[in-house]
Every structure is written in C-alpha cells, then in structure tokens.
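This report refers to the structure that appears directly beneath it.
Protein chains in written order, with the numbering used here: chain B, 3 to 305; chain C, 2 to 368.
Given below as structure tokens:
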C-alpha cells in the first residue's frame with residue numbers, strides 16, 4: 003500500500019498553506035530526513051521533511067498551489083518493490099477565494115506563481131509594472147535595496163542575521179552584506195532602539211560638514227518577539243535636536259498587515275516605506291500585517 | 002564554626018574538594034573587573050602650569066555662568082527647567098580635556114551647560130539658548146535640556162532620564178562601524194544608573210567591544226532621593242562587572258584626578274578592549290533644578306562640601322602652592338565675570354526666533 007503524504011500543519015494555527023516548491027521529482031528516491039518540499043504557512047516558509055523511505059511515486063498537488071488544506075494528500079510514496087498505486091479518492095481541498103476579492107484581477111497561475119495584477123492607485127505613476135509578492139519578501143527587498151544603495155545602512159535586531167529573521171524577513175541579507183551590516187542582538191529592544199538611533203545620529207556628522215540634507219546611517223532595527231510577526235523599524239534620522247528624547251521613546255515602527263482571505267491591500271502605504279510598487283495578494287491563511295507608525299520627529303540641527 | 006548572629010543567613014560550608022575543576026575556573030573568571038589599580042599608579046594628572054590655569058579658567062567659567070543662569074531664571078528670563086552644574090565642574094572639564102575633539106563624541110543628560118562650555122563654545126550662544134533666542138545654539142527651540150552641537154560632536158542634552166546611555170552606545174557603534182578611531186563619552190547620573198536600558202547598553206557594548214566610556218556622575222541625589230535610598234549598590238563602578246566591564250572610582254571634586262582617570266579609561270578603550278564604567282563622585286550645591294527647594298538635605302552638608310571639597314578652591318590652592326599669585330587668579334575671575342555678563346546681556350537683548358521657525362527642523366524631508 004502506498005504511503006500517502008499529507009499536508010502538514012506547520013504551526014498551531016495553520017489550516018491551509020501554499021505548497022511553494024517541490025524539491026524532489028516523481029521517481030526520486032526518498033530517504034528519511036530528505037527535504038521534500040517547501041510549504042508556506044501563515045507565518046513562514048517551512049521545509050517538509052520526509053520520515054518515510056521509498057520512491058516518490060506521484061505528486062498530486064503541483065508546486066505553487068495555494069490554499070492546500072492541512073491533511074490533504076499531496077503526494078504518494080511507494081515503498082520498496084511496490085506497484086504503481088491507484089489515485090486516491092481524497093482530493094486536495096481548496097478554499098474559495100475568488101468571490102471574496104473585491105477587484106477583478108488575473109488569478110496568478112499556480113505554476114509560474116507570478117503574474118501582473120492590475121490595481122488602480124493614483125499614487126503610482128502610469129505605466130509602472132507591478133509584481134505580486136509576499137509582505138515578508140517586500141520588506142526584505144526594501145531593506146536590501148536601501149542597503150545596496152547606501153553603505154551606511156545596516157540592520158540590527160533579534161535573529162536578523164544567522165536565523166534569517168524570526169519569520170525570515172531578513173532572509174539572505176547576512177549572506178549578501180556580511181555580519182558588520184546585519185547584526186544579531188540580545189533580547190534588549192529598548193537598548194538597541196537607542197543604539198540604532200545613536201548610530202544614525204553619530205555617523206552623519208563628520209569632518210565639519212555643514213548640515214547635510216541626506217540622513218546619516220539609517221539603522222533598521224528589528225525587534226521581534228517570539229509570538230509576533232515580522233517587524234521592522236526604519237529610522238529616518240539625521241541629527242536630532244529638540245524633541246530627540248521623545249523620538250527615542252516613540253521610535254518603533256512595526257510593520258504587520260492583517261490580510262484577510264481574498265482582500266488586497268493598497269500598496270501605497272507600504273510602498274511609501276518600501277519605495278517599491280507592489281501589490282500584496284491575500285493569503286487565505288492570514289499573514290498578519292498591520293501598519294502602525296509611531297510619532298517621531300527627526301530633525302536637523304543647525305551647524 | 003562560631004554561632005551565627007541572630008538574623009544572619011548561615012550557608013552550609015562547601016568542602017573544597019567537592020568543587021569541580023570547572024567551578025574553580027569559573028570563580029577565578031568572575032572577578033570584580035576594575036582599572037582601579039592602573040589608575041592608582043598615577044592618580045593625579047601631572048599638569049603643566051598652563052594646563053592647570055586652563056582647567057581653572059574653564060571651571061570658573063562654568064561656575065560663574067551657572068550662577069548667572071540661576072539669577073536670570075529668578076528674574077523670569079529663563080523658562081522651563083534649568084539644571085545647574087555648580088559643584089560638578091571638575092568632572093566635565095577633567096574628562097573632556099582628554100578628548101580628541103576631531104574624533105570623539107559626547108552625550109549627556111539635561112545637566113548639560115557645563116559640558117557645552119567645556120568645548121569652548123561661546124557662552125553667548127549658550128545663554129541665548131537658555132533664554133530662548135534665535136541666536137541660541139539650538140535656535141532657541143531646545144532650551145536648557147536640548148543643547149546640541151554636532152559640529153563639536155556633542156549630541157545633547159536629553160530630557161528623558163537614562164535615554165542618552167543607549168544613544169551613546171549607538172554613537173560608539175557608529176565610531177566602530179566607520180572605523181574612525183573615535184570613542185563616545187556617555188554621562189549619566191546616579192538616578193539614571195538604575196534604568197533598564199543602561200544595562201541593555203552595557204551588555205551590547207561589552208559584547209561588541211564598543212568604544213565607549215560610561216561615566217556615572219554620582220552627585221548622591223537623584224532629585225530628592227538619596228542614592229542610598231534608591232540603589233542597592235551605591236558603588237556604581239561595580240555595576241559593569243556583570244558584563245565584564247571594568248570599573249573605576251574617581252574623586253569627581255578633583256580635576257587632576259578626573260583627568261588622570263580619563264587617561265587610563267581612554268587608553269583602554271582606544272586599545273580596542275571595550276567599554277569602561279567610570280564613577281565620578283561629586284556634589285551639586287544647588288537643588289536638582291531651579292524648581293527644587295532641596296529640603297532633602299541639610300544646609301550643613303552643602304556647606305561642608307563647599308568648604309572642604311570645592312573643586313575650584315582645591316585647584317586654586319594647588320596653583321598658589323605652585324607659585325601663582327592671588328592677583329593672577331583674581332584677574333581670571335574678573336575676565337570671566339565680564340564674559341558672563343556680556344553673555345547675559347546678549348541673551349536678554351537678542352531677538353526671539355520668528356514664528357516661521359515653528360515649521361522648520363521638524364521633519365527631515367517634506368511629506
């Protein structure tokens with residue numbers, strides 16, 4: 003009897019997930035411990051590890067398929083010496099997202115995973131092509147853009163370096179920019195919010211330069227608690243003068259957007275931060291993202 | 002074992018053999034980290050005559066300036082808060098005389114007039130800031146607690162107690178990131194020393210070996226609360242040991258001792274060995290701020306400090322013993338009084354900022 007591989011629940015709240023990618027093909031030998039697929043949950047992309055031994059006989063859910071229900075059969079493994087199994091009765095369950103979406107749009111094809119989505123937004127210049135991406139990747143890409151553009155930008159926070167971000171919001175940044183610019187901190191948010199601000203304040207003024215219009219080191223500090231979701235802080239600052247003390251206290255900018263099944267969030271608010279036109283397509287499992295920008299008042303001093 | 006005293010906790014004595022080799026290793030690793038020994042070797046800076054005269058002049062400038070500021074406050078020309086540095090002059094002057102002003106940065110709390118004056122910044126623009134005039138160093142928009150001069154690498158001037166310590170950690174990180182060879186001197190008080198983010202900063206500073214000298218200006222009172230009443234450990238220089246930061250205890254009423262301590266601490270930091278925690282024991286003669294009636298201490302205590310520990314008098318004594326005449330020193334005082342009077346006049350007559358300044362220095366870019 004073939005072994006049914008079922009969609010695992012990779013977090014306690016997960017009910018559906020996206021089967022992002024298969025790492026094994028039909029006919030491949032499977033050993034216990036092999037990574038079979040990457041599954042996107044409401045919180046992160048997780049690796050699906052095999053515990054059985056055999057040959058991957060049939061893939062029933064294609065890569066890129068969204069809204070695969072937990073416990074749906076996604077593939078079949080034939081044990082050694084088995085015949086080709088029959089197709090099982092149970093079909094992978096899918097949610098019904100289409101009618102919930104307010105605007106008409108092209109449903110991204112499951113195999114390519116990327117398609118342009120038409121969204122009317124007056125803030126975006128005509129002719130801009132849009133891409134659909136996850137909030138997590140949009141945040142990461144925005145940080146990477148800024149870090150490539152300006153060598154003074156660094157990111158600092160809990161698990162941002164080696165762990166790639168508690169929910170992978172800084173994935174790949176350590177490899178690209180190195181440990182000087184991607185800094186793991188202890189769990190001391192108040193401390194490094196201050197250290198980030200101070201670094202931004204101190205770096206810009208140098209060699210008796212007159213007040214420069216561009217900000218000094220922009221420190222992106224990312225406090226992430228274990229139960230929270232990707233949070234990032236962009237500190238726009240040059241050198242603070244009056245009210246600096248208030249801005250220190252108020253400095254966390256946490257970015258998390260609640261996306262309910264089927265809704266599309268306007269990109270203008272996030273794109274303002276990310277400087278990237280993007281659309282965020284809702285994931286039915288619910289990626290948290292709500293934007294809360296605390297009050298701050300970065301200022302320049304007169305020099 | 003003798004009978005324990007009533008009320009003491011008696012711990013069973015561990016036989017030495019029961020300790021594993023690892024424990025002994027750990028114990029010797031846990032030591033009270035301290036630079037005190039190095040400091041004791043040269044406890045008073047061997048200043049030249051010229052250096053001492055300069056220390057004298059600078060401390061006296063702070064003293065007279067602060068006295069004048071107190072006066073102007075009483076006349077209603079200075080509003081808001083005004084925290085005077087009278088009595089603590091030796092700390093700022095001693096430490097900042099050892100700085101490399103091309104590279105090093107400084108940050109402190111709200112008792113910042115002295116630190117600003119130590120840079121040699123024109124007292125006129127500082128007094129004008131106190132009186133809220135446009136010619137003030139923060140365009141009259143900061144006041145006593147928010148004086149900045151990024152040109153001099155002085156980053157304030159902060160109202161929130163203890164906030165400047167984490168910021169100072171950041172300034173040090175910037176020095177390290179830019180590899181500019183600079184260090185950060187971060188001052189805070191005995192009250193601020195109990196803030197949580199101070200220890201968060203200690204941890205990260207030690208972990209990453211940030212080039213920072215933490216200076217606790219222990220003037221024995223956190224506003225109305227004596228440090229004995231608010232701190233379990235009043236020897237603040239010991240508080241870094243948990244993070245392996247060496248400490249130093251310094252007599253903050255002796256400018257030559259403070260300067261000597263600076264030499265030891267800065268050498269340690271510049272050698273890349275990480276932060277230092279320096280405790281400067283000092284005293285403020287006036288209340289916490291101009292609004293403080295200071296009923297929490299006796300007049301006798303304050304007078305005793307004035308009579309026996311005054312930093313300016315101490316240096317004056319050293320100078321006179323070294324051959325300077327009273328007249329030389331009086332001449333300095335006279336010149337300073339004139340300078341301060343001119344600053345006060347300027348601060349009283351200088352124009353206030355235009356109303357349009359309400360909209361400037363608020364946002365970095367237009368939104």
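Glycine included, every Cβ here is placed at the ideal spot set by N, Cα and C.
None of these values were measured; they are calculated from a predicted model.
Identify every residue that forms a DSSP beta bridge with residue i.
i	result
residue 106 of chain C	C:185
residue 155 of chain C	C:107 and C:150
residue 35 of chain C	C:248
residue 6 of chain B	B:78
residue 190 of chain C	C:218
residue 21 of chain B	B:41 and B:67
residue 282 of chain C	C:219 and C:252
residue 50 of chain B	B:39
residue 186 of chain B	B:159
residue 31 of chain B	B:57
residue 277 of chain C	C:214
residue 227 of chain C	C:222
Work out the CA separation of residue j and residue i for me, nearest whole Å.
i	j	result
residue 98 of chain C	residue 260 of chain C	7 Å
residue 335 of chain C	residue 150 of chain B	58 Å
residue 20 of chain B	residue 68 of chain B	4 Å
residue 230 of chain B	residue 133 of chain B	Low per-residue confidence applies at residue 230 of chain B: pLDDT is 36, beneath 50, and the placement is therefore not dependable, though the value from the model is reported in the following sentence. For residue 230 of chain B and residue 133 of chain B, the distance between alpha carbons rounds to 27 Å.
residue 201 of chain C	residue 362 of chain C	30 Å
residue 288 of chain B	residue 136 of chain B	Any reading at residue 288 of chain B is ruled out, since the residue's pLDDT is 25, under 50, leaving its predicted position unreliable.
residue 76 of chain B	residue 60 of chain B	9 Å
residue 169 of chain B	residue 162 of chain B	9 Å
residue 110 of chain B	residue 124 of chain B	Note on residue 110 of chain B: pLDDT 39, under 50, position unreliable in the model; the coordinate value appears next. Rounded to whole angstroms, residue 110 of chain B to residue 124 of chain B spans 23 Å at the Cα level.
residue 48 of chain B	residue 208 of chain C	32 Å
residue 338 of chain C	residue 331 of chain C	10 Å
residue 346 of chain C	residue 185 of chain B	51 Å
residue 144 of chain B	residue 183 of chain B	15 Å
residue 181 of chain C	residue 46 of chain C	27 Å
residue 54 of chain B	residue 82 of chain B	11 Å
residue 142 of chain B	residue 37 of chain B	25 Å
residue 66 of chain C	residue 32 of chain C	43 Å
residue 11 of chain B	residue 39 of chain B	14 Å
residue 5 of chain B	residue 65 of chain B	20 Å
residue 74 of chain C	residue 178 of chain B	56 Å
residue 8 of chain C	residue 221 of chain C	Bear in mind that the predicted position of residue 8 of chain C carries a pLDDT of just 47, short of 50, making it unreliable; the figure below should be weighed with that in mind. Cα to Cα, residue 8 of chain C sits roughly 30 Å from residue 221 of chain C.
residue 197 of chain B	residue 167 of chain B	19 Å
residue 204 of chain C	residue 360 of chain C	39 Å
residue 26 of chain B	residue 51 of chain B	11 Å
residue 253 of chain C	residue 156 of chain B	38 Å
residue 214 of chain C	residue 205 of chain B	18 Å
Sort the options by Cα distance to residue i and report the nearest one.
i	options	result
residue 265 of chain C	C:292, C:190 and C:278	C:278
residue 63 of chain C	C:123, C:195, C:37 and C:275	C:123
residue 146 of chain C	C:87, C:81, C:353 and C:218	C:81
residue 50 of chain C	C:317, C:83 and C:360	C:317
residue 291 of chain C	C:83, C:91, C:285 and C:189	C:83
residue 70 of chain C	C:43, C:48, C:100 and C:112	C:112
residue 212 of chain C	C:150, C:283, C:219 and C:267	C:267
residue 54 of chain C	C:326, C:352, C:343 and C:354	C:326
residue 281 of chain C	C:355, C:189, C:136 and C:219	C:219
residue 36 of chain C	C:289, C:239, C:176 and C:205	C:239
residue 39 of chain C	C:275, C:263, C:298 and C:324	C:263
residue 59 of chain C	C:312, C:352 and C:351	C:312
residue 178 of chain C	B:7, B:203, B:28 and B:126	B:203
residue 352 of chain C	C:155, C:137 and C:324	C:137
In chain C, what lies closer than 8 Å to residue i by C-beta?
i	result
residue 124 of chain B	Going along chain C, no residue has its Cβ under 8 Å from residue 124 of chain B, so there is no contact; the nearest lies around 17 Å.
residue 192 of chain B	167, 197, 198 and 201
residue 182 of chain B	178
Starting from the beta carbon of residue i, find every residue of chain B whose beta carbon is closer than 8 Å, and list them in chain order.
i	result
residue 169 of chain C	200
residue 351 of chain C	What residue 351 of chain C touches in chain B: nothing, since even the nearest Cβ is about 15 Å away.
residue 106 of chain C	204
I want to verify the contact list: residues of chain B whose CB lies under 9 Å from the CB of residue i, in sequence order.
i	result
residue 205 of chain C	187, 188, 190, 193, 194 and 197
For residue i, return the contacting residues in chain B, with the cut-off set at a CB-CB distance below 7 Å.
i	result
residue 179 of chain C	205
residue 156 of chain C	203 and 204
Interface residues of chain C around residue i at Cβ under 7 Å?
i	result
residue 23 of chain B	None at all; the shortest Cβ gap to chain C is about 37 Å.
Is residue i a contact residue of the ligand FAD, with contact defined as CB to any heavy atom under 7 Å?
i	result
residue 96 of chain C	Only the bare structure without any ligand can be found here, which leaves the ligand FAD out of the picture.
With three or more beta-carbon pairs closer than 8 Å as the criterion, would you say the stretch 167 to 180 of chain C touches the stretch 115 to 134 of chain C? no
Is it a yes or a no for the stretch 27 to 46 of chain B touching the stretch 10 to 17 of chain B, going by three-plus beta-carbon pairs under 8 Å? yes
With a threshold of 8 Å, are at least 3 pairs of Cβ atoms found where one atom belongs to the stretch 230 to 245 of chain C and the other to the stretch 300 to 316 of chain C? no
Closer than 8 Å, Cβ to Cβ, to anything on chain A: give me those residues from the stretch 317 to 349 of chain C, in chain order. The displayed structure is made up of protein chains B and C, and chain A is not among them.
Would you call the stretch 175 to 192 of chain C in contact with the stretch 93 to 108 of chain C, where contact means no fewer than 3 C-beta pairs closer than 8 Å? yes
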